[in-house]
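Novice: Here it is, the structure, as structure tokens.
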Amino acid sequence: MRLSCTLLLLGLSSPSWAGVTVQKAGLSVPQKYAHRRDQAKTLFTTSYTSYKKFAFGHDDLSPVSEGFSDGRNGWGASIVDAMPTMFVMGLENIFEEAVNFSSKIDFSKSQTSDTVSIFETTIRYIGGLLSSYELSGEKYPILVTKAKEVADKMAFGWVGSNEMPYGFIDFSTNTPTIGTSNIAEAGTLSLEWFTLSKYTGNTTYADLTAKSVKHIANLAAPLPGLAAQGIDPTTGSAVGGYVTWGGGSDSYLEYLIKYARLTNTADSIFIDTWKTAVDSSIRTLLKRSTVGNHLYLADFDDSRQIRHVGSHLACFHAGNWLLGGKLLGNQTIIDIALELNEGCWNTYASTATKIGPEAFAFVSSDGNFTGGNAISADQLKFYNKHGFYITSSAYIMRPEVLESNFHAWRVTGDTKYLDRAGAAIDSFNTFLRATTAFAALNDVNNINGGLIDDMQSFWFAEVLKYLYLTFDDPKHISLDDYVFNTECQPFRAPPALDSYSGKLVPAKPFTVQSGSLPQISPNAVSLKL
Ligand SMILES: *[C@@H]1O[C@H](CO)[C@@H](O)[C@H](O)[C@H]1NC(C)=O
Ligand SMILES: *[C@@H]1O[C@H](CO)[C@@H](O)[C@H](O)[C@H]1NC(C)=O
Ligand SMILES: *[C@@H]1O[C@H](CO)[C@@H](O)[C@H](O)[C@H]1NC(C)=O
Ligand SMILES: *[C@@H]1O[C@H](CO)[C@@H](O)[C@H](O)[C@H]1NC(C)=O
């Protein structure tokens, strides 16, 4: 009797108590880290003050020249993308200002001459609007109206009976631009559009995007559960046979398990495909470096060769495997995830700035093929010391390594992850400083390598929110109550089920279809795929 009363009380104060939990029970941040949360907040307010002064209403601040750029159709991407972070940090005044701004955005046309990316617009604009709506207690319905406005235009990306959307829409004619897309662009819409259906009562949004994910999951794949990166939206078939957890594929894989958790859907295809993808990644892609014994997830190319490469973008995998490993109750996946996280953190710990590079490569017992240039003498020297070598040296203010570090903290409670996040804050304060804000870096391994004149909106949305939450009360935006979209925008999840289980799905015979595979250049610094 007494026990059940206690349980009832616990259940009331913590709705996430029942069902599977992701976070370590009873976690709290030790007092000695309290200043770190304030430092993360100061990075945000300093950056945003400069954005307001030099770039307000535009997409990005150019922090070096103190100007702006409009790479996201000129709708004020930084404001909308930063809005949930403002709420999470308790910055009520600028949050309300951002809501006011958002309520007046004209989504009927692009403010630039560019076509509209369904993927980028979904994760940054729809994600920012709907997460803000939820976080602020559904106080501003205009945020849903605005999300619906832009989604209704983008719904023209699904043509006729096509299950796959085109990647880009011309808003002046409501017609898609022809070309190849990829599974990240087509398969990273489901959390946001599901949430839009929830608040508009129109199920079309959820249906369109779930249909696309299921289409990809049902395609014959180069490796079980791991679809080829390229997609032809006209036919819905795979283009090429490139497999990676990096850009162009990454968030499709990320959303499989997150969609299962956000919706608690009875349709097992999402969880089955995620589990199968992880299983075949462990079998085929998991490689150890010959130096340092670091664990990495390699790529697998069109000619079925392992490419010994990794990237900042791909480093979200550790956090995603921690989430999925906890939901599935699979310690093998959790243990591998923690080791993958070590490999990614090592790319930070090894450089002159203690910030990790955009792309890297390594050597394993099965070779050193990367699909790119042979390893140079300098790279070999670096490799022999650190167990990876840099192939693209920039840091463009990406979050993935700190995102996985955040998950590792919330799941294990090991304070070494707090120390690492603290070290990253110190590095940002030391090396990313422009006159009034913070900027991207040309070369993480050269402290005099200079700054890049762009501050992407994901600095506000992701890097600074993950850092802040790492040092915040773990009950605030708990991984048991929220599912983060790929832009770190939290969506409120229903209570977790008692268990999540999936089964491995067998591969269908796959042959590489030629076509113009979209080139995901590691140097294309403006891509957020
Ligand atoms: C937002 O708009 C409302 C209504 O026009 C106004 O009362 C309020 O002062 C504005 N808030 C901010 C922070 O600009
Ligand atoms: C639901 O949204 C779709 C996509 O914009 C639209 O075509 C449809 O008319 C809407 N349905 C209703 C009932 O409003
Ligand atoms: C956990 O997942 C791994 C990888 O798919 C699999 O080999 C293992 O059997 C799973 N463990 C359990 C207990 O299901
Ligand atoms: C990479 O592989 C080639 C071919 O097997 C070999 O000749 C070369 O020495 C290797 N380089 C390194 C750094 O391991």
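Just so we're aligned: the sequence shown equals residues -18 to -1, 1 to 511 in mature numbering (1 follows the signal peptide of the UniProt record, and there is no 0). For each residue, glycine too, the CB sits at the ideal point set by N, CA and C. Owing to the predicted nature of the structure, the values given are computational and were not obtained by experimental measurement.
1) Could you check if Asn156 belongs to the surroundings of ligand 2, using beta carbon to heavy atom distance under 7 Å?
2) Quick one: what does DSSP say Pro491 is sitting in, helix, strand or coil?
3) For Ser503, collect the residues of the same chain with a Cβ closer than 7 Å to its Cβ; drop the 5 residues on either side in sequence, then sort them by chain order.
4) Within 10 angstroms of its Cβ, does Asp401 collect 16 or more other Cβ (buried), or is it exposed?
5) Is residue 528 close to ligand 2? I mean its beta-carbon at under 7 Å from any heavy atom of the ligand.
6) Is the stretch 281 to 296 in contact with the stretch 214 to 223, if contact means three or more CB pairs nearer than 8 Å?
7) Do Leu362 and ligand 4 come close, with the Cβ less than 7 Å from some heavy atom?
8) On the three-state DSSP scale, how would you describe Val260?
9) For Ala416, which residues from the same chain have a beta carbon less than 7 Å from its beta carbon, with the 5 sequence-adjacent residues on both sides left out?
10) Here's the rule I'm using: 16 or more other beta-carbon atoms within 10 Å means buried, otherwise exposed. How should Asn323 be labelled?
11) Put Met65 into one of helix, strand or coil per three-state DSSP.
12) Using only the alpha-carbon positions, how far apart do residue 516 and Thr493 sit?
13) Residues in the same chain with beta-carbon distance under 8 Å from Tyr450, minus the five sequence neighbours each way, listed in chain order, please.
14) Report, in whole angstroms, the separation of the C-beta atoms of Tyr6 and Gly395, which I expect to be a contact under 8 Å.
15) Taking Tyr148 as the reference, which of Ala168, Lys135, Gly142 and Val132 has the closest Cα?
16) Can you tell me which of the three DSSP states Phe364 falls into?
17) Could you name the residues, in chain order, whose CB is less than 5 Å away from a heavy atom belonging to ligand 1?
18) With distances taken between CB atoms, is the gap from Tyr365 to Ile357 smaller than 8 Å?
19) For Ala133, which option in Thr94, Thr185 and Thr162 has the closest C-alpha, if you only look at C-alpha atoms?
20) Restricting to runs no shorter than 4 residues, where is the alpha helix (DSSP H) found entirely within the stretch 5 to 48?
21) Just reading off the beta strand (DSSP E) that Phe473 is part of, what are its end residues?
22) Can you tell me whether Gln438 is buried or exposed? The criterion is at least 16 other CB atoms within 10 Å of its CB, across all chains shown.
23) Run through DSSP, which three-state label would Leu268 get?
24) Please write down, chain order preserved, every residue whose beta carbon lies under 7 Å from a heavy atom of ligand 2.
25) Could you name each continuous alpha helix (DSSP H) segment of 4 residues or more that falls completely within the stretch 46 to 129, going from the start of the chain to the end?
26) Sorted by chain position, which residues of the same chain lie with C-beta nearer than 7 Å to Lys332's C-beta, five sequence neighbours on each side aside?
27) Taking Ile288 as the reference, give the member of Ser233, Gly229, Ala242 and Asn350 with the closest Cα.
28) Which residues are close to ligand 4, meaning CB closer than 5 Å to any heavy atom, in chain order?
29) With respect to 7 Å, is the separation between the Cβ of Ile315 and the closest non-hydrogen atom of ligand 3 below this value?
30) At the level of alpha carbons, what is the spacing between Thr216 and Thr162?
31) Rounded to whole angstroms, what's the CA-CA distance from residue 532 to Tyr241? Just pull it up for me.
32) Looking only at its chain, what residues have a beta carbon closer than 6 Å to the beta carbon of Thr3, apart from the 5 residues adjacent to it on each side?
33) Going by beta-carbon coordinates alone, are Gly119 and Phe83 separated by less than 8 Å?
34) Going by DSSP, which residues form a beta bridge with residue 512?
35) Could you give the residue range of the alpha helix (DSSP H) that holds Phe413?
36) Classify Thr157 as helix, strand or coil using the three-state DSSP reduction.
Specialist: Walking through what the data contain:
1) no
2) Pro491 falls in the coil class under three-state DSSP.
3) Low confidence applies to Ser503: its pLDDT is 34, below 50, so where it sits in the model is not reliable, and the reading given next is rough at best. Here the set comprises nothing.
4) Exposed is the call here.
5) Residue coverage of the chain in this structure runs from -18 to 511, which leaves residue 528 outside it and unanswerable.
6) They touch, by the three-pair rule.
7) yes
8) helix
9) Pro45, Val46 and Leu433
10) Buried: at least 16 other Cβ atoms inside 10 Å.
11) Met65: helix per DSSP, three-state reduction.
12) Since the displayed the chain opens at -18 and closes at 511, residue 516 lies outside it and no answer follows.
13) Contacts found: Arg19, Ala22, Lys23, Phe26, Thr67, Val70 and Met71.
14) It should be noted that the sequence gives Lys, not Tyr, for residue 6. That pair is a contact at about 4 Å.
15) Ala168
16) helix
17) Glu78, Glu79 and Asn82
18) yes
19) Thr185
20) 16 to 37
21) Pro472 to Arg474
22) Gln438 counts as buried, since no fewer than 16 other beta carbons sit within 10 angstroms of its beta carbon.
23) strand
24) Ala133, Asp134, Ala137, Asn184, Thr186 and Tyr187
25) Complete alpha helix (DSSP H) runs here, min 4: 59 to 70, 74 to 84 and 109 to 117.
26) Note that residue 332 is Ser in the sequence shown, not Lys. Same-chain partners within the cutoff: His368.
27) Asn350
28) Val345, Asn350 and Ile357
29) yes
30) 9 Å
31) Beyond the ends of the chain as shown, which are -18 and 511, falls residue 532; an answer cannot be given.
32) Residues of the same chain with a CB within less than 6 Å of the CB of Thr3, apart from the 5 flanking positions on each side, are Asp462 in chain order.
33) no
34) Given a span of -18 to 511 for the chain in the structure shown, any question on residue 512 remains unanswerable.
35) Lys398 to Phe413
36) strand
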